[in-house]
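**Student:** First to last, the protein sequences are chains C and B. Heads up, the first sequence is in this note's numbering, so the first residue is 1346 and it goes up one at a time. Heads up, the second sequence is in this note's numbering, so the first residue is 13 and it goes up one at a time. Handing you this structure, nothing more for now.
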Amino acid sequence: IAGITQAPTSQILAAGRRMTLRCTQDMRHNAMYWYRQDLGLGLRLIHYSNTAGTTGKGEVPDGYSVSRANTDDFPLTLASAVPSQTSVYFCASSAATGYPGYTFGSGTRLTVV
Amino acid sequence: AQSVAQPEDQVNVAEGNPLTVKCTYSVSGNPYLFWYVQYPNRGLQFLLKYITGDNLVKGSYGFEAEFNKSQTSFHLKKPSALVSDSALYFCAVRDPSGNTPLVFGKGTRLSVIA
């Protein structure tokens, strides 16, 4: 079934550690996104990529980095995790940026202690 | 910059009654508008979108939404609610003039009571 695969499903991480959240899609979508979901704050965009080889900053990019070496993969890296990065992280993709509709992964629940 | 507001954190409705989840938007020009639904421990799922054309848009699971340009609103509706409709609903907007990602509202939790 075509879609987005995120890994890991959940993770407990010590503060200060480096962590990469993986995201892979098999729909050949051009655009990919990382959002974090926090209670009362909804979904906030961290980084996005309009097409392979390009990336852009979203609303809350600090402490995160991304790369888009190919169409299918869009990993999100926390260089040195902090407790405020405890959240549920969703990867999404769409055929074009913001259009026509997003396909979301099932999310990664990250707890930084 | 574009934005959406969902004024209600929680909406409660009895099964069989009509439901409305409100959304207002702010964007320059004519917006692209979307509704997504999130069930517990799942990612968001696309429900419907308005790009252009008829102001009443029909989507998945019997949901529909009405685009009202004068009120800058895009309320989600369903004539008869089901318990299984209980979920978190997100409105989203995109400015069609730019190559920009969607901006999501904070979400509205819908509880349908049997």
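Backbone N, C-alpha and C define an ideal beta-carbon position, used for all residues, glycine too. Because the structure is a prediction, the values reported are computed rather than measured.
Can you list, in chain order, the residues of the segment 1377 to 1397 of chain C whose Cβ is nearer than 9 Å to any Cβ on chain B?
**Tutor:** Within the segment 1377 to 1397 of chain C, the qualifying residues are TYR1378, TYR1380, GLN1382, GLY1385, LEU1386, GLY1387, LEU1388, ARG1389, LEU1390, TYR1393, ASN1395.
**Student:** With 8 Å as the limit, tell me which residues of the segment 70 to 99 of chain B have their beta carbon closer than that to any beta carbon of chain C; keep them in chain order.
**Tutor:** Residues: none.
**Student:** For a cutoff of 7 Å on Cβ pairs, would you count PHE1435 (chain C) as touching chain B?
**Tutor:** Answer yes: the Cβ-Cβ gap between PHE1435 (chain C) and chain B drops below 7 Å somewhere.
**Student:** For PRO1353 (chain C), go through chain B and note every residue whose CB falls closer than 8 Å to its CB, in chain order.
**Tutor:** None at all; the shortest Cβ gap to chain B is about 14 Å.
**Student:** For the segment 1437 to 1450 of chain C, enumerate the residues whose C-beta is nearer than 7 Å to any C-beta of chain B, in chain order.
**Tutor:** The residues in question are THR1442, GLY1443, TYR1444, PRO1445, GLY1446, TYR1447, PHE1449, GLY1450.
**Student:** Counting only Cβ pairs nearer than 8 Å, list the residues of chain B close to GLY1361 (chain C).
**Tutor:** What GLY1361 (chain C) touches in chain B: nothing, since even the nearest Cβ is about 28 Å away.
**Student:** Name, in chain order, the residues that DSSP records as bridge partners for THR1369 (chain C).
**Tutor:** Looking at the DSSP assignment, THR1369 (chain C) forms a beta bridge with C:THR1350, C:ASP1418.
**Student:** So LEU56 (chain B) contacts chain C; which residues on that side make the cut at Cβ distance below 8 Å?
**Tutor:** Near LEU56 (chain B) (Cβ distances below 8 Å), the residues of chain C are LEU1388, PHE1435, ALA1437, TYR1447, PHE1449.
**Student:** Between which two residues does the beta strand (DSSP E) containing VAL1458 (chain C) stretch?
**Tutor:** VAL1458 (chain C) -> no beta strand (DSSP E), and no H or E assigned at all.
**Student:** How is the beta strand (DSSP E) around VAL95 (chain B) delimited, first residue to last?
**Tutor:** It is not in any beta strand (DSSP E) - VAL95 (chain B) carries neither H nor E in the DSSP assignment.
**Student:** Check each residue of the segment 102 to 113 of chain B: if its Cβ is closer than 7 Å to any Cβ of chain C, include it; give the result in chain order.
**Tutor:** Going along the segment 102 to 113 of chain B in chain order, one finds PHE102, ARG106, ASN111, THR112, PRO113 with a Cβ nearer than 7 Å to chain C.
**Student:** To the nearest angstrom, how far is it from the Cα of CYS1368 (chain C) to the Cα of SER1410 (chain C)?
**Tutor:** Cα to Cα, CYS1368 (chain C) sits roughly 13 Å from SER1410 (chain C).
**Student:** Does the count of Cβ pairs from the segment 1429 to 1444 of chain C and the segment 1379 to 1388 of chain C closer than 8 Å reach three?
**Tutor:** Segments in contact, yes.
**Student:** Helix, strand or coil: how does DSSP classify TYR1447 (chain C) here?
**Tutor:** Note: TYR1447 (chain C) maps to coil in three-state DSSP.
**Student:** Terminal residues of the continuous beta strand (DSSP E) containing SER1432 (chain C)?
**Tutor:** Taken as a continuous stretch (DSSP letters only), the beta strand (DSSP E) holding SER1432 (chain C) covers 1432 to 1439.
**Student:** Ends of the beta strand (DSSP E) at GLN57 (chain B)?
**Tutor:** Here the beta strand (DSSP E) through GLN57 (chain B) covers 56 to 62.
**Student:** What residues from the segment 35 to 48 of chain B come within 8 Å of chain C, judged by C-beta to C-beta, listed N to C?
**Tutor:** Listed by position, the residues of the segment 35 to 48 of chain B near chain C (Cβ gap below 8 Å) are TYR44, PHE46, TYR48.
**Student:** Determine the contact status of LEU31 (chain B) and ALA104 (chain B), defining contact as a CB-CB distance below 7 Å.
**Tutor:** Contact flag unset, no.
**Student:** Taking the CB atoms as reference points, tell me whether CYS35 (chain B) and PHE79 (chain B) lie closer together than 7 Å.
**Tutor:** For CYS35 (chain B) and PHE79 (chain B), no; Cβs fall outside 7 Å.
**Student:** Can you check whether the CB of SER98 (chain B) is closer than 7 Å to the CB of SER123 (chain B)?
**Tutor:** Yes; because the gap between Cβ atoms is below 7 Å, this pair is in contact.
**Student:** With 7 Å set as the bound, which would you pick, yes or no: does the beta-carbon of GLY65 (chain B) sit closer than that to a beta-carbon of chain C?
**Tutor:** So no, GLY65 (chain B) is outside the interface.
**Student:** On the CB-based measure, 16 or more other CB atoms within 10 Å of its CB, does ILE1357 (chain C) come out buried or exposed?
**Tutor:** With fewer than 16 other Cβ atoms within 10 Å, it is exposed.
**Student:** How would you label LEU60 (chain B), buried or exposed, when you count the other beta carbons within 10 angstroms and need 16 or more for buried?
**Tutor:** Buried.
**Student:** Would you mind telling me which residues of chain B sit closer than 8 Å to GLY1408 (chain C), beta carbon to beta carbon, in chain order?
**Tutor:** Ordered by position in chain B, no residue passes the 8 Å Cβ test against GLY1408 (chain C), which lies about 19 Å from the chain.
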